[in-house]
Structures are given as C-alpha cells and as structure tokens.
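Numbering (this note's numbering), first residue to last: 387 to 803.
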C-alpha cells in the first residue's frame, strides 16, 4: 500500500497499477466493498484522519481501465495440466486467473446462471456494478479461463467425484453459504427470509431477469425488519429503501458502539465504533442490545416481532448478555430479513460426497501453506476454508492456493502470492 500510494503522489499511475496488481487481482472489487481495516491501521489515523486508501485504490484501477492498461496476460507456454475450480466468487476467480497465467487449463464451475458468486448475487448493484465484474471476466476468458455456469457440482447431473477423474487438481472455493438461523417460535411463518435470498433476487431483477410471483421477495410498501447489524444487514436496508419499503428497522444483538473510538486503546487494530453506511443514511431505524423472542403471525403470515432488551451482567466472573426483565415489546412487520451471518459452507452435496475433513467450525480443513484438503489433489481456499470473511482475504487465499496447486502440479511455482 505505501508503495502505490507514493507512486500516485509522484504521478506514476501506471507503475502504481502494476504494484497494486502484484498482490491483488481485483482492486476494483476491494476498493468498493472492503471495509478498509488498512485505513484504521494508518499511522496518520492516530491523531488525524487516515489516508483514504480505498479511494486511491479505486482511482488507480479505474484509470487503468480507462487508459487501456489492464490487458490479458496470456501464458507463453501451456503445461497440459487441467484444474477444476468449484465456485466463482473472489477466491475462485483469483485462483483461476493465477493458474491460467501459469499456463494451466482452468475450468470454473458455478451453480448459478451467471459467473461471479458472492460478487454477482450477494453484493447490491449500488455498491458493485455488474459491469465491474463483466469486464474482469472478459479479461480472464482472454487469458484462457473457461467458465461453466449452471453446473452444480455435487448435484445428480454432476457428481463431485467426476471432477477427480477428469482433472489433475480440484479447488473447492464455494464460500460459506450456510446462513445462521433464528429458531424461535413463529419461524415457519410466511414473510421471513434469509438476507441472501432477498439480495440475490434483487440483483437478478437489476439485470432484467423475471422472478416468479410465488418466489418473489419484495419490500415494497412493507414494514421491514432486518435482524443483524453487519454489512449484509446494511445491504438489506439499502435494497429495501430502493424497493419502496414503508419503514425499515435494523436490529442488532450487541450494544450500541461508541460514536468515536479511543485510539490510545484501539490503534492500529480495527476499532469498535458506530458505523453508519450510505444505506443507513438513506433512511432506517436502528436498535441495539435486543434479542428476538418470537415471530407473531396472522393467517400464516408474519405480522409482528416480539423482542426483548439485553444488558451486560457479570455471571461467574464472565460478562454475559442477559434479558432485561419486563422489557419485551413488539414491532409490526410484514417482511423479516435474517442477516446474522454465515456459519460454514453448505455441507450437503459436494462436501458430503467427497468426504473431505472439516474443522471444528464446519469449514473444510486445510492449512495455509499447501491449502490441501484431506483428499489428494483436492484444495480449498476462501470462505470455504476460513469461514465468512472479507473479500480481500478471499483474493489473498485464492492467490496462495494457486501457488500451492501450481507447485503440486509442476514440482515448483514461480507464481507470486
């Protein structure tokens, strides 16, 4: 980061782009959707505002595309080795691009109808436009990467074991897609949905796809409750506002953070402080330190949510959030979106069929030196290995996994990580 910052300061934009790309395949993604913990660690942030690293990163890559500096890097020689990558999110795409540049034949399998994974269907278009994804995919195709959408590895028509027979190496990069559930009374009511189902539908609408009336999840003229205070919850808020919700309320189980951090205590680490996104600024109510007790319904459809306030108490020497007596209350709701994060990869299907070992959290077990799973020639990277995380970590792991796969296939690797 200091290197390309300095190059921009001196007006050497093309050299800055080369340095940026040397560790990050997709700066147009990280510059737009990463929360930028690097800015919190900036030395200037200790007693002033930090360097706006995300803005500089976006400026570099956007100028690179405008000037025509971002071009395919086609391998001079082909190795004859075939690599299958399951999943087309940031980890899978980064791994695919690196391996293609090393001369391997790379095929990316994606269960959805369009390539991009979380980038395509999990991030709202108002944060990351489809055009940003499409032009990078075009570059990768020119470099020799083959994309196969509508291919659900582990389903009946494409057994996972088939890839082991057809490819020299297989990389599992399917992300951590199992959402955290909220098993309270009334959970079965109509009108309660996982956040990712809601966001995916909206992204499909943006590109002109039709959603059937039976499956449609819309916030239009509804009282929306978003449960979960993270980025996904914020995305649900912004999307609900754009769909014309009557009201939007976001609930968070943790207490309200302080408006400003104590930098003497937090710097250079990521500080706990109140964060207000552009979606919040567009209009919503926010409430903290509350837990859902039950969903209330009428005629099989959710009509309200009963929540209770929480507070910190010391129990057996440990700080614990407990319910405040007589503090329960109800909020009207026509649509409830569960945005409480993801617990681990989906284990039914591909992972069960392959029988790869899982860690104590339910993620695919693999080290960070070889990214090798418990199966020979099967690797994993990104959220499928580490659990839900940031896009910058997914890209990093995809690059490191590519290096490990290249070394496995060729005996050594010159790929940068």
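Ideal Cβ positions, reconstructed from N, Cα and C, are used throughout, including at glycine.
In this text, all values refer to a predicted model and were calculated from it rather than measured experimentally.
Extent of the continuous alpha helix (DSSP H) to which residue i belongs
| i | result |
| --- | --- |
| residue 478 | 476–487 |
| residue 401 | 399–407 |
| residue 770 | 769–772 |
| residue 507 | 504–507 |
Best match in the options for proximity to residue i [C-alpha to C-alpha]
| i | options | result |
| --- | --- | --- |
| residue 508 | 655, 621, 711, 680 | 621 |
| residue 747 | 785, 721, 769 | 769 |
| residue 764 | 705, 741, 639 | 741 |
| residue 672 | 636, 658, 697, 647 | 636 |
| residue 501 | 532, 484, 488 | 532 |
| residue 766 | 477, 428, 421, 458 | 477 |
| residue 505 | 789, 777, 801, 803 | 777 |
| residue 579 | 774, 475, 687 | 687 |
| residue 774 | 618, 546, 699 | 618 |
| residue 717 | 676, 734, 704 | 676 |
| residue 757 | 598, 745, 790, 662 | 790 |
| residue 721 | 534, 785, 603, 399 | 603 |
| residue 541 | 449, 664, 393, 734 | 734 |
Cα-Cα separation between residue i and residue j, rounded to whole angstroms
| i | j | result |
| --- | --- | --- |
| residue 576 | residue 692 | 16 Å |
| residue 439 | residue 565 | 31 Å |
| residue 719 | residue 674 | 18 Å |
| residue 401 | residue 498 | 37 Å |
| residue 648 | residue 667 | 24 Å |
| residue 430 | residue 423 | 14 Å |
| residue 493 | residue 468 | 8 Å |
| residue 387 | residue 723 | 37 Å |
| residue 771 | residue 783 | 9 Å |
| residue 549 | residue 582 | 28 Å |
| residue 614 | residue 638 | 5 Å |
| residue 585 | residue 685 | 26 Å |
| residue 452 | residue 513 | 20 Å |
| residue 642 | residue 573 | 26 Å |
| residue 698 | residue 704 | 10 Å |
| residue 441 | residue 417 | 7 Å |
Residue i vs residue j beta-carbon contact at 8 Å
| i | j | result |
| --- | --- | --- |
| residue 594 | residue 731 | no |
| residue 447 | residue 403 | yes |
| residue 760 | residue 743 | yes |
| residue 804 | residue 563 | With the chain covering only 387 through 803, there is no way to say anything about residue 804. |
| residue 412 | residue 781 | yes |
| residue 701 | residue 690 | no |
| residue 443 | residue 436 | no |
| residue 553 | residue 605 | no |
| residue 787 | residue 557 | yes |
| residue 736 | residue 465 | no |
| residue 607 | residue 632 | yes |
| residue 546 | residue 539 | yes |
| residue 473 | residue 503 | yes |
Within-8 Å CB hit, residue i to chain C
| i | result |
| --- | --- |
| residue 596 | Judged by its chain identifiers, the structure shown contains no chain C, having just a single protein chain. |
Limits of the unbroken beta strand (DSSP E) element including residue i
| i | result |
| --- | --- |
| residue 671 | 671–674 |
| residue 706 | 704–709 |
| residue 580 | 578–580 |
| residue 811 | Outside the modelled stretch of the chain, which goes from 387 to 803, sits residue 811, for which no answer is possible. |
| residue 638 | 633–638 |
| residue 730 | 728–730 |
| residue 750 | Here residue 750 belongs to no beta strand (DSSP E), and DSSP marks it neither H nor E. |
Buried or exposed (CB count within 10 angstroms, at least 16 for buried), residue i
| i | result |
| --- | --- |
| residue 660 | exposed |
| residue 713 | exposed |
| residue 625 | buried |
| residue 710 | exposed |
| residue 669 | exposed |
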